Structure formats: structure tokens, C-alpha cells
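Chemist: So the protein lines, in turn, are chains A and B.
Using this note's numbering, the first residue of the first sequence is number 1, and each one after it goes up by one.
Using this note's numbering, the first residue of the second sequence is number 184, and each one after it goes up by one.
Cβ coordinates follow ideal geometry from the N, Cα and C atoms, glycine included.
The structure presented is a predicted model; accordingly, all values stated were derived computationally and were not measured.
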Amino acid sequence: MAAVFIAKLYQPTPRRALFHTPTVATLSDLSFKNRIFMAAYRYRRLDPVPFTVPRRPLSSARVALVSTGAVHLPEQVPFDELFKGGDFSFREIPGDVDVSRLRVAHKSDAFDQAGFLEDRNLGFPLDRLREMAARGEIGSLSGRHLSFMGSITAPGRLISETAPAAAELLAGDGVDVAILVPL
Amino acid sequence: MCHQTVGLVAGELEKRGVATASVTVLREVTGKVGTPRALFVPYPLGYPLGRPNDPELQTRILRGAFALLDRPGPGPILGDWAG
Chain A
1 MAAVFIAKLY
11 QPTPRRALFH
21 TPTVATLSDL
31 SFKNRIFMAA
41 YRYRRLDPVP
51 FTVPRRPLSS
61 ARVALVSTGA
71 VHLPEQVPFD
81 ELFKGGDFSF
91 REIPGDVDVS
101 RLRVAHKSDA
111 FDQAGFLEDR
121 NLGFPLDRLR
131 EMAARGEIGS
141 LSGRHLSFMG
151 SITAPGRLIS
161 ETAPAAAELL
171 AGDGVDVAIL
181 VPL
Chain B
184 MCHQTVGLVA
194 GELEKRGVAT
204 ASVTVLREVT
214 GKVGTPRALF
224 VPYPLGYPLG
234 RPNDPELQTR
244 ILRGAFALLD
254 RPGPGPILGD
264 WAG
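1) Since I believe SER89 (chain A) is in contact with PHE124 (chain A) (beta carbons under 8 angstroms), could you give me their beta-carbon distance rounded to a whole number of angstroms?
2) Give every residue of the same chain whose Cβ lies closer than 7 angstroms to the Cβ of GLY258 (chain B), excluding the five residues on either side of it in the sequence, and list them in chain order.
3) Name the residue from B:HIS186, B:ALA204, B:GLU195, B:ASN236 whose alpha carbon lies nearest to the alpha carbon of TRP264 (chain B).
4) Are ALA154 (chain A) and GLY85 (chain A) closer than 7 angstroms when you measure CB to CB?
5) In angstroms, rounded to a whole number, what distance separates the CA positions of ARG42 (chain A) and ALA133 (chain A)?
6) Residues in the same chain with beta-carbon distance under 8 angstroms from ARG44 (chain A), minus the five sequence neighbours each way, listed in chain order, please.
7) Going straight from the alpha carbon of ASP80 (chain A) to that of THR162 (chain A), what length do you get?
8) For ARG254 (chain B), which residues in chain A fall below 8 angstroms Cβ to Cβ?
9) Quick check on PHE223 (chain B): buried or exposed, where buried means 16 or more other Cβ atoms within 10 Å of its Cβ?
10) Is there a Cβ of chain B sitting closer than 7 angstroms to that of LEU122 (chain A), yes or no?
11) Among the residues of its own chain, which have a CB less than 8 angstroms from the CB of GLY214 (chain B), if the five just before and after it don't count?
12) Report buried or exposed for ASN236 (chain B), applying the criterion of at least 16 other Cβ atoms within 10 angstroms of its Cβ.
13) Rounding to the nearest angstrom, what Cα-Cα distance links VAL53 (chain A) and GLY143 (chain A) in this structure?
14) Would you identify the three-state DSSP class for LEU183 (chain A), choosing helix, strand or coil?
15) Whose C-beta lies closer than 7 angstroms to the C-beta of PRO236 (chain A) among residues of the same chain, with five residues either side of it excluded?
16) For the putative contact between LEU102 (chain A) and HIS72 (chain A), defined by C-beta atoms under 8 angstroms, what is the C-beta separation to the nearest angstrom?
17) Between ARG35 (chain A) and ALA25 (chain A), what straight-line distance do the alpha-carbon atoms span, to the nearest angstrom?
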């Protein structure tokens, strides 16, 4: 076990010849500091795993988007990047938002943000969902979508407060299906 | 950490009758958290829908994630993207 742990730490960080060359993400993509942290981190586990069978087919379902890309409207308070353990709050993003207007508060040094800054749909794919709804693949889109900041290392209040509140909100909106995107 | 956040929020949604489909680029983390339904895609951290300004690829990944909703439970369901 200790050998596996140490081996994980010493994987070399890969260098990519081309910036946007798609490669499989592994923990070795991370900086040495982040790798040490994540190798030792004890993830919270859903136990039992909650599971809902969709009420209706996607073509008649109401769909909401939940992203951890830390997007927010220019007029909303940005996420607090300095909050110890991670900012566990969320922002409501109105359904009619112009996606290109969304700001990104994320300052995680754990991943390459260039693509997301270039195209918000890479992590907040509302335009893609609109196209799917227009084609009839999705029944309709929710009147609001949610944004979290993903880099929460101390998820106590996410678990006790904001994740339940976010779920209540979408359930109250009559959302059948949520699509979640990590960033 | 973003993958843990996704899993925890997905769990709360499922508890309240909202079915969830997630995307993941870190299979190991998603497996540890037990995210109810997740599609693993072979792209780097920060690129969950593949590539910027590639709507066709982004849509195919979303379709792959939604397709997990057709699989019978119980969760967790960790699917591989067929491409």
C-alpha cells in the first residue's frame, strides 16, 4: 500500500507537445503538491448511493445544468477563492443567459483552464443543451441552472447545507434530469 | 475535488427524485465517491466536454452521458464513452 502511494507521487508530470492534444486525465496530470494532497485525501463516499429512475424519457424531460466551473453573472458576487476548505456556495444562472457573458471565478491551479476560458460551453454547455432542446432530443430546459466552485476540499457544509439546498431548488422547479459537469 | 463536488450534489438530487447524469475525466475519483451515474471521457482535467469550440464533440459527449439514464440501476453506474 505504501509502495503504491509513493509510486503515485513520483509519476512524472507529462508534457504535452500540443496544448489542446486530448489525452486521458490521470492524477499524474496534477502538480506534485496537488498529487501529494489527492493521494492522501479521503474522498466522501455516497453510501448507499441514491438512485432515481427517470420519470419520463429525455425527449419530454425538463433538464437543468449543474457545473462546478465557478461561473457567475458579472453582477453576482464572485466565488471566494481564498475561503479555507473551498467556497461551498452556489450561484443561480438564469435560463436565458448569454453564455459568453459568464465570468469564471475559478483559480484552481490543479488543471489547465485555457480551454474553458476560450469556450464556456466546455464546462457550462448550456448552448449545446439549447440546441438539443430545439431538436427535440430534450423536452425542455429548466428556468435556472446552478454553478458551484469545484475546489472544495472540506465539504462539510456542502454536504449539510448547500448541496441539499441546490437539490431542493431544482426539484421544486420540476426538473426531471440534471446533467453535471466537473471543472 | 470538482469530481467529489459533482458526486455529492448528484447524490442530493437523486434523493429528491431528480435523475442525474454526470461527466467525469477522473475515473478513480468518481469511483471512490460513488457518483450515481457518470460517463468517463478520455480528456484532460479542465476539458470535460472534450475540446473548446467543437460543438459536435461536446454534443456527442452530452448524448453519451444522457444515455446512462436508460441503464437499469442500482447505481453507481460508471460508463465508458464509445466516442
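Modeler: The relevant details are as follows:
1) Between SER89 (chain A) and PHE124 (chain A) the Cβ distance is about 17 angstroms, and since that is not below 8 angstroms, they are no contact.
2) PRO219, ARG220
3) B:ALA204
4) yes
5) 39 angstroms
6) PRO155, ILE159
7) 15 angstroms
8) By Cβ distance, chain A contributes nothing, its closest Cβ being about 10 angstroms from ARG254 (chain B), past 8 angstroms.
9) buried
10) yes
11) PRO259, LEU261
12) exposed
13) 22 angstroms
14) coil
15) This structure gives no information on residue 236 (chain A), because the portion of chain A shown stretches from 1 to 183.
16) 7 angstroms
17) 13 angstroms
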